[in-house]
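>
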Amino acid sequence: MTDMGAFASWPVGGGEAGALVRAFDWSKTSLGPIAHWSQTLRLKVNSVVNSPIPQVLMWGPDHVMIYNDGYTEIAGNYHPRALGGTVPGIWPEIWDWNEKILEAGFRGEIQSFRDQKMVLHRNGAPEEVVFDLFYTPIYNDAGIVEGVLCTVLENTEKVKTVQELAASREELSRLTSALPILVGFIDLNYTYRFANEGYLEWFGRAPEEVLGKRVIDVVGETFFNERKPFIQRAMAGEQIVSDSSIQRPDGTRHAAEIRYVPRRDHRGDVDGCYILIIDIETRKQAERDILVSNSRFKAAVEAVHGVLWTNSPEGRMLGEQPAWSQLTGQSYDEYQGFGWAEAVHPEDREGSINSWNRAVAAKATYVWEHRVRRRDGVYRTYAIRGVPIINAQSEIIEWVGVHTDITEQRTAEVALKEHAANLEREIRHRIRAEDQLRQLNEGLEARVEKEIAERRQTEIALQQAQKMEAIGQLTGGVAHDFNNLLQVIAGNLQLLAKDVAGNERAERRVGNALAGVSRGAKLASQLLAFGRRQALEPRVINVGRFVAGMDDLLRRSLGEAVEVEVITAGGLWNTYADPTQVENALLNLAINARDAMEGTGKLTIEVGNASLDMDYARNHAEVEPGQYVMLAVTDTGSGMRPEILDRVFEPFFSTKPEGKGTGLGLSMVYGFVKQSGGHVKIYSELGQGTTVRIYLPRSMADEDREIVVHNGPVVGGSETVLVVEDDDEVRGTVVEMLTDLGYRVLTARDAQAGLTVAESGVPIDVIFTDVVMPGPLKSSEMARRVKERMPHLAILFTSGYTENSIVHGGKLDPGVELLSKPYTREALARRLRHVIANQKQRVESGRDRIADHPVASEPTKVEAKDMLRVLLVEDDDLIRMNTTDILTEVGHMVVEAANATQALDLLDREEVDILVTDLGLPDMGGAELAVLVKQRKPDIAVVFATGDNFLPKNAPAGAVLLCKPYNENDVRYAIGQAMSNS
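Counting in the working numbering, the sequence shown runs from 261 upward without gaps.
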């Protein structure tokens, strides 16, 4: 049998923990009585309890804990019940950690962790602690791990101290930089270890030119040798204060108070010294000025002792006054009576006489100051003291007084006041710096939290912007391929419509199919809008008038059950945006609001001016601070949850039931607004409704007038067209449509092939090319090269996705003609005629008219009496210049305008006989301009110069058509016909 008494004094020693081990009833644990313990366990326990380092032994499959006195501090309030307890039972808050560690330890792995952070509840509340942990597996005689020994070193206070030290150093750096004092520190080797911003600025050095550098290399050998004795005394432990003159980087020298303060380490030994420099140049200068002033005043008083004078009992200056005469230069007659006052400064004269008379009446000592003009004409300030000599009867016998020059004294007083004010200002600065330091300490933690929150918000906004950009690129590519498919379908349907003409049933089916193509084109347009890939046609518009013009459309779209209120602020700014896209955006928002209100409720449309400041821009991605026109749509619908708001702009995301929407409405609004340089923001609460605010950048330009688009009959031509298209089906459809319109057609499958065809010498009138095609050569570069070789050639681009080759900032490049896919046969025909006509007119404008149109004799000049005043309106500079030359050549006077607005302004100021105008003007249709001109001046003749071969429907009576391209004879004939008709 085992002698239980043999273990009564085991383990040996071990302090409090050893005593607890001896007294503990181990039979209640999985370890059993001590007498049954293995030799390995007894030896290890005896070693643990006698170890000076905190250790805990975790034994057996249930991890029973045995530890020493050092570990009791680690256990905190868990001691002493932790002894004999299990790890998961004592430390549940870190069991996730310990479970993995123990599993590895029982596999025989040795582990160590430095500065491991944990959160323990050992003292009744969560606290963050830092440990160095070392885990060692304990093997039995059979080589099997039966326990894990953990050695614990708590570093919590050490880590906290290091962090506090770093923060303290940072605060010290900020404080010293905020103070109006230069602060530096050098070690025993005369090497700079610290310098605040003021120190660096004083010597004109960057931090890397000072820190780690020797003093002699920073301040120069001469100044270092001058100051070295003071530094040596400071390094010996003496605190030194001295004045010196230091040269600044600009070459000037400033007086400075330099203090050398030794720094001692924990042993009391000097390990370096602080160098404190205070700029006292202003103070020294003031002291010098005061010294000079005081010296001058003292000499004057000693030399003169004032100017003596006497007056009669009535206060009049009588008799000889040599000192006064010497001072003022007045003659005897001039200073008699009150004549002395003429030498007093005019501003001081009345006050001096009145105060003197009061003193005389009161028989009291007269004390005053005023300025007196010396004999050299200079005014000086004098202190006057007059004393009455009174007899026994209390009557004044005579007045005796003295004028003492106190000019220097008053100047010195002003200087002293300024010096005192400077000192007060320095004290206020120091107090303010102390307040700032205190506020900095108080609010440091709050600022750190705020900055972390702002950084997180910025990261979230960046991730959202990157996600939306990636989706935009994807949808743009999809829309491109989709538009090509739609173009093939639409082109063939339009060609098929001619073949089935007269078959009502077939025509109806073709019409339905074309309607489907239109809906598909709208869907592709919405995808391009979200991806910011659509080619915008912006104009300067007033959104308030624009919304008012949509009133009927909105009410028809929303139904009678929705109350619509429009609020427009006064003084509304203009904005530069595509009016069609603004209309689509507003209509989309209104329809979404109607659906959210389930067809019944109130819709409020608000238009106003808004300014987004820098703070708002910092908190919202892709927002530039500035002035905007705000368009807000508010409904009384169901509202949206926050998680829904985060996704509303994603394409195909919709809160509506399946089949009730495409999920592209808000995506289109988002893409259009961002492409226009604006911002969109949604506010929503469940059960309260939703507000969508669109911010479009303010435009300082005048509002553009609406252009009335004229749709004439579809005509073809006989010119040769080179079609450059990589999609075989699209190319085949376009060729068939152009052939049907009468054109001769050549084809190429990419830009390189198109360039080869163009350079082959085959006659070509116009190139009709896709924008986005595979291959190394871009279509825009092909067009540029071809135009260099054949300037007469017309170029028409087409695409469903323009990228950045001909569109920049969401707007077409100047002079570029684009026909967006999918297009109709009619749109293709009209755009071709427009492009060809304008190009022919440009070519005609560049030729020498005499060489190109020889005549048998000199053209007949217009007689002076037949000379007309012509108002020429043409937006193409080259065509306008050429036409002006033609009109001038035949003897007419020309007034030029580049748009309708200029033309109407000139009409009010100039006498005009005939109007010659293009139809396609940038701000108004030419036909509409002609109507306005005829309303103001009915007798004016009208000529339309255009690429169309027909007059507009609303052309005024008697108007004449001048088809592009035209020459001098064409112009002469059109002018004559118009004047005959008027």
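Glycine included, C-beta positions come from ideal geometry on N, C-alpha and C.
So within the region 980-1026, which uninterrupted alpha helix (DSSP H) runs reach at least 4 residues, ignoring any that extend past its ends?
Runs found: 988-1000 and 1011-1018.
> Reducing DSSP to helix, strand and coil, say where methionine 810 ends up.
Here the question's residue 810 lines up with position 550 in the sequence shown. Note: methionine 810 maps to coil in three-state DSSP.
> Classify threonine 894 as helix, strand or coil using the three-state DSSP reduction.
As a first step, residue 894 is located in the sequence shown; it is residue number 634 there, counting from the start. Residue state, collapsed to three classes: strand.
> Just checking my contact of threonine 1144 with glutamate 1156 at CB under 8 Å: how many whole Å lie between their CB atoms?
The sequence position of residue 1144 within the sequence shown is 884, counting from 1. The sequence position of residue 1156 within the sequence shown is 896, counting from 1. Contact holds; Cβ gap of about 6 Å.
> Any idea what DSSP makes of glycine 407, helix, strand or coil?
As a position in the sequence shown, residue 407 is number 147, starting the count at 1. In the three-state reduction of the DSSP assignment, glycine 407 falls in the strand class, which pools E and B.
> Grouping DSSP H, G and I as helix and E and B as strand, with all else coil, what is phenylalanine 598?
As a position in the sequence shown, residue 598 is number 338, starting the count at 1. Coil.
> Would you check if the distance between the CB atom of asparagine 571 and the CB atom of tryptophan 659 is smaller than 8 Å?
As a working note, residue 571 is residue 311 in the sequence shown. As a working note, residue 659 is residue 399 in the sequence shown. Going by C-beta atoms, asparagine 571 is nearer than 8 Å to tryptophan 659.
> Out of curiosity, what's the CA-to-CA distance linking aspartate 1137 and glutamate 963?
Along the sequence shown, read from residue 1 onward, the residue named residue 1137 stands at position 877. Along the sequence shown, read from residue 1 onward, the residue named residue 963 stands at position 703. For the pair aspartate 1137 and glutamate 963, the Cα-to-Cα distance works out to about 22 Å.
> How would you write the range of the alpha helix (DSSP H) that proline 397 sits in, first residue to last?
Taking the first residue of the sequence shown as 1, we reach residue 397 at position 137. First-last for proline 397: 387-399, but that is the beta strand (DSSP E), not the alpha helix (DSSP H).
> When burial is assigned at 16 or more other CB atoms within 10 Å of the CB, is aspartate 375 buried or exposed?
Within the sequence shown, numbered from 1, the residue matching residue 375 stands at position 115. Burial call: exposed.
> Where does serine 944 land, buried or exposed, given buried means 16+ other C-beta within 10 angstroms?
Locating residue 944 in the sequence shown gives position 684, counting from the first residue. With 16 or more Cβ atoms within 10 Å of its Cβ, serine 944 is classed as buried.
> Which residues in the same chain have their Cβ closer than 8 Å to the Cβ of proline 1023, if we skip the five residues on either side of it in sequence?
Position 763 of the sequence shown holds residue 1023. Contacts found: Thr980.
> Helix, strand or coil, according to DSSP, for valine 1076 in the structure here?
On the sequence shown, residue 1076 is found 816 positions in, with the first residue counted as 1. Coil.
> Name the DSSP bridge partner or partners of glutamine 376?
Taking the sequence shown and counting its residues from 1, one reaches residue 376 at position 116. Bridge partners of glutamine 376: Phe391.
> Give the DSSP-derived three-state secondary structure of glutamine 499 in the structure shown.
Here residue 499 corresponds to residue number 239 of the sequence shown, with the count starting at 1. In the structure shown, glutamine 499 sits in coil (DSSP, three-state: anything other than H, G, I, E or B).
> Taking the runs of the beta strand (DSSP E) that are 3 residues or longer, which of them lie wholly in the region 811-846?
822-828 and 834-837
> Under 6 Å Cβ to Cβ from serine 505, same chain only, skipping five residues before and after it: list those, please.
Here residue 505 is taken as the residue at index 245 of the sequence shown, counted from 1. Here the set comprises Arg513 and Ala515.
> According to DSSP, what are the bridge partners of aspartate 522?
As a first step, residue 522 is located in the sequence shown; it is residue number 262 there, counting from the start. It is worth fixing the name first, because residue 522 is proline in this sequence and not aspartate. Proline 522 pairs with Cys533.
> Valine 674: buried (16+ other C-beta within 10 angstroms of its C-beta) or exposed?
Numbered from its first residue, the sequence shown carries residue 674 at position 414. Burial call: exposed.
> CB leucine 1166 to CB leucine 1211, shorter than 8 Å?
Mapped onto the sequence shown, residue 1166 falls at position 906. Mapped onto the sequence shown, residue 1211 falls at position 951. Not in contact: leucine 1166 and leucine 1211 (Cβ atoms no closer than 8 Å).
> Just to confirm my understanding: we take tyrosine 399, look at its own chain, exclude 5 residues before and 5 after, and list those with CB closer than 7 Å. What are they?
As a first step, residue 399 is located in the sequence shown; it is residue number 139 there, counting from the start. Apart from the 5 residues on each side of it in sequence, tyrosine 399 sits with its Cβ closer than 7 Å to the Cβ of Val405 in its chain, given in chain order.
> Which residue marks the beginning of the beta strand (DSSP E) containing isoleucine 446, and which one marks its end?
Numbered from its first residue, the sequence shown carries residue 446 at position 186. Here the beta strand (DSSP E) through isoleucine 446 covers 442-447.
> Does the pairing of the region 441-458 with the region 531-542 give three or more beta-carbon distances under 8 Å?
yes
> Enumerate in chain order the residues of its own chain whose CB-to-CB distance from glycine 345 is below 6 Å, with the five nearest sequence positions on each side excluded.
Residue mapping note: residue 345 aligns to position 85 of the sequence shown, counting from 1. Excluding sequence neighbours, glycine 345 sits near Met325.
> For my contact list, phenylalanine 1057 and valine 1032 are in at a C-beta cut-off of 8 Å; report their separation, rounded to the angstrom.
Position 797 of the sequence shown holds residue 1057. Position 772 of the sequence shown holds residue 1032. So it is not a contact: roughly 10 Å between Cβ atoms.
> Which runs of the beta strand (DSSP E) spanning at least 3 residues fall entirely within the region 567-633, listed in chain order?
Runs found: 567-571 and 626-633.
> Could you tell me whether the Cβ atoms of alanine 837 and isoleucine 801 are closer together than 8 Å?
In the sequence shown, residue 837 corresponds to position 577, counting from 1. In the sequence shown, residue 801 corresponds to position 541, counting from 1. Contact flag set, yes.
> Going by DSSP in three states, tryptophan 319 sits in which element: helix, strand or coil?
Along the sequence shown, one-based indexing puts residue 319 at 59. Tryptophan 319 carries a strand assignment under DSSP once its states are collapsed to helix, strand and coil.
> How close, in whole Å, do the beta carbons of glycine 1207 and asparagine 1098 come, if the pair is a contact with beta carbons under 8 Å?
To locate residue 1207, count along the sequence shown from 1; it is residue 947. To locate residue 1098, count along the sequence shown from 1; it is residue 838. Their Cβ separation, rounded to whole angstroms, is 6 Å, which keeps glycine 1207 and asparagine 1098 in contact under 8 Å.
> So, under 8 Å CB-CB, valine 389 and glutamate 414 are touching, yes? Tell me the CB distance rounded to an integer number of Å.
For this step, residue 389 is matched to residue 129 along the sequence shown. For this step, residue 414 is matched to residue 154 along the sequence shown. Confirmed, Cβ separation roughly 7 Å.
> Can you tell which of Asp1030, Ala1018 and Leu1037 has the C-alpha that lies nearest to the C-alpha of lysine 1047?
Numbered from 1 along the sequence shown, position 787 holds the residue referred to as residue 1047. It is Ala1018 whose Cα lies nearest to the Cα of lysine 1047.
> From alanine 680 to alanine 496, what does the alpha carbon distance come to, in whole angstroms?
As a first step, residue 680 must be located in the sequence shown, where it is residue number 420. As a first step, residue 496 must be located in the sequence shown, where it is residue number 236. So the alpha carbons of these two residues sit roughly 37 Å apart.
> From the DSSP secondary-structure annotation, give me the bridge partner or partners of aspartate 1030.
Taking the first residue of the sequence shown as 1, we reach residue 1030 at position 770. According to DSSP, residue pairing for aspartate 1030 in a beta bridge involves Thr1058.
> My output table needs one value for glutamate 1171: the three-state DSSP class, helix, strand or coil.
Numbered from its first residue, the sequence shown carries residue 1171 at position 911. Residue state, collapsed to three classes: coil.
> Going by DSSP, which residues form a beta bridge with methionine 325?
The residue labelled residue 325 in the question sits at position 65 within the sequence shown. Bridge partners of methionine 325: Met318.
> So, under 8 Å CB-CB, isoleucine 942 and valine 929 are touching, yes? Tell me the CB distance rounded to an integer number of Å.
Taking the first residue of the sequence shown as 1, we reach residue 942 at position 682. Taking the first residue of the sequence shown as 1, we reach residue 929 at position 669. Between valine 929 and isoleucine 942 the Cβ distance is about 10 Å, and since that is not below 8 Å, they are no contact.
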